[in-house]
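Numbering (the UniProt record's numbering), first residue to last: 1 to 722. Beta carbons are placed, not taken as given, at the ideal position from N, Cα and C, and that holds for glycine. Bear in mind the structure is a predicted one, so any value in this text is a computation, not a measurement.
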């Protein structure tokens, strides 16, 4: 059985086939792509009577395509074409040859059917009622929408029709060869799928296309029709009306194209004014989608994630609610890892704790970590202050030093003991007994605790067992300060010396002598030692050679506090000033003035310094410029001397002799709220020390007149406070 097919050559073409047995049946249109190059010539076996079928305009060709097989039958009846003949009709339109070929080759028919099958995706038949029958599905009908796409590509007004072998008039990417699988790939590319095959999948064969086989079009769309075609959207004309184009329309279009830009705008204004509301609505439906495309979903994943990385985390969470594809992108684990690192979150959340996070977050550990941190920060700011854990154990003695690391709290007192507490349960795990004088300094690292006492010794303790591992002898007066770094600890004493000790062996490695009064504060970074003393001096030491590298002179009273970041030394004195020094040269870079009394505590991170003073104020400084950024005061300021402080990237926490612990905003300097308020505050109740982690705050409180019981308060902000 022989078949005849009508093939419209060009980009993409329409083929309609019928068999002799089907000539009396209603014809079934079939659409495919012709692999014939635009430069192919018609067959020499065409009959002379077939030449009368040549159409004189592109409009006639369009009508033939829309008419389907009826035109083929009319051509056969009116022109008496023989079964074995092949008719080629070539029309020259704007320099482009469009050929209408009638072929009866059965082999060619089979190739075309295979090619057509490669083109079909799921849902092609559901888009058009004309393709709903099983007979149409078997023949591979693309439907009326695809026919309309092909008609649009023959538009005379397109300025990009150049007949290039590897590019088309719409500025799309075409394949160098048109094997069935490549044709299928081209159709996917035309519909916005920019990848040659899905991410993570390998090519299915030697002829499977890859991005290397794509040739970009040198021209870009210049008209709105080109833009719509390049985006994979076909024209809407045939679905709007079935009437033929009005006479003179092509002439009007050609005239319109000859006008300048301003003339076209004027003509369009007049045209819109002449349109009815339904016609204007149609224009809006055609135009608006081109400016409302979801470009994020069309981008490769890497580029889409790069764009989303510029969003703030809150905006990213909102974007995840837009659609499924955005949600997948917005929950990318690496994207949230970068957000966490920007916020200083170093570890992802591997295990959910106490049901804080819903299961939907479990697949993105970094997102879970970020949300957890956000909830914790919110609890610091606004969460209900539930009753803190109360840790009692030092009777009515003063808590002189406090350390907090992990889930372990260590408090030292003038009752000669240290106590190790559980930050989770609040229970006293063990009491470290051995000193014969009050404990005035301590350090803790991992499972090691080091304490200094008025008995002139240091002791090294095992935090797990409570055993005293070493007793370090050498100082001749109270050990007032110390700093632990790695396996070495540097101690400062009222005997005006500093000693460097090996924690593991208990040996004294070096003795640093040079101060002429009690050493009050010390810092050690593993390479250099910095000390401040009551002789008004700050000294920089090389502990290995036991030499003083610099003596930093400038203070006019005792030095009580130090900070050292490896580059800058910051010293606070009873002379009310704070000085910033260059550790390499020993020069004073800035003198920070503004406090009215003793600077009792400081903390330095990056270039930000926070200082607390006996004048009840707290100041935030930029040590590079020497500028005071904020002064934490106002109606909610402390009413007495600031005893201790600590800060992170968001908050400053301060304690005072007035019995309160206050929370401040680091950036604005504004008061946030009171975290602790003792009932005896103002009448003797004191907060001596505070230590804070990301989730907990530990306060050592008591009084000097017996109005407040000595105890530790532990506040936990890593809880669900809703």
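- Cβ neighbours of residue 339 within its own chain (closer than 6 Å, five residues either side excluded): 313, 370.
- Collapsing the DSSP output to three states places residue 315 in a helix.
- By the 16-neighbour rule on beta-carbons within 10 angstroms, residue 391 is buried.
- Three or more Cβ pairs closer than 8 Å define a contact, and the segment 314-330 falls short of that threshold against the segment 274-290.
- In the DSSP assignment, residue 542 falls within the beta strand (DSSP E) that extends over 538-542.
- Here residue 330 has 308, 316, 319, 320 as same chain residues with Cβ atoms under 7 Å from its own Cβ, once five neighbours each way along the sequence are excluded.
- For residue 524, the beta-bridge partners assigned by DSSP are 529.
- Contact between residue 703 and residue 685 holds: their C-beta atoms lie close to 5 Å from each other, under 8 Å.
- Beta-bridge partners assigned by DSSP to residue 692: 697.
- Nearest in C-alpha terms to residue 422, of all of 243, 647, 696, 581, is 696.
- When the Cα atoms are used, residue 647 and residue 605 turn out to be separated by approximately 9 Å.
- If you draw a straight line from the Cα of residue 298 to the Cα of residue 270, it is about 36 Å long.
- Taking each of 305, 337, 381, 264 in turn and checking the Cα distance to residue 716, the smallest one comes out for 381.
- No residue range can be given for residue 345, since it is assigned to no alpha helix (DSSP H) and is classified by DSSP as neither H nor E.
- Burial is judged here by how many other beta carbons sit within 10 angstroms of a residue's own beta carbon; residue 545 has fewer than 16 and is exposed.
- According to the DSSP secondary-structure assignment, residue 573 is paired through a beta bridge with 559.
- For the set 471, 513, 534, 495, the Cα lying nearest the Cα of residue 504 is the one of 471.
- Residue 687 counts as buried, since at least 16 other C-beta atoms from the protein chains shown sit within 10 angstroms of its C-beta.
- The segment 443-451 and the segment 459-466 touch, with no fewer than 3 CB-CB distances between them shorter than 8 Å.
- When DSSP states are grouped into helix, strand and coil, residue 663 belongs to the strand group.
- In the DSSP assignment, residue 501 falls within the beta strand (DSSP E) that extends over 497-502.
- The secondary-structure analysis by DSSP pairs residue 451 across a beta bridge with 442, 459.
- Within the same chain, and ignoring the five residues on either side of residue 431 in sequence, the residues whose Cβ sits closer than 6 Å to its Cβ are 417, 419.
- Here residue 400 is buried, its C-beta having at least 16 other C-beta atoms within 10 Å.
- Put simply, of 434, 226, 411 the residue whose alpha carbon is nearest the alpha carbon of residue 698 is 411.
- Residue 649 and residue 632 have their C-alpha atoms spaced approximately 16 Å apart.
- Residue 607 carries a coil assignment under DSSP once its states are collapsed to helix, strand and coil.
- Shown here, residue 685 sits in a strand according to DSSP, grouped into three states.
- Residue 255: not part of any beta strand (DSSP E); member of the alpha helix (DSSP H) spanning 249-258, first to last residue.
- For residue 303, the secondary structure class from DSSP, reduced to helix, strand or coil, is helix.
- Residue 671: member of the beta strand (DSSP E) spanning 671-677, first to last residue.
- Residue 676 and residue 385 have their C-alpha atoms roughly 9 Å apart.
- Around the beta-carbon of residue 388, 16 or more other beta-carbon atoms lie within 10 Å, marking it buried.
- Under DSSP, residue 613 shares a beta bridge with 599.
- Three or more Cβ pairs closer than 8 Å define a contact, and the segment 550-558 falls short of that threshold against the segment 599-619.
- For residue 646, there is no enclosing alpha helix (DSSP H); the residue is part of the beta strand (DSSP E) that begins and ends at 642-647.
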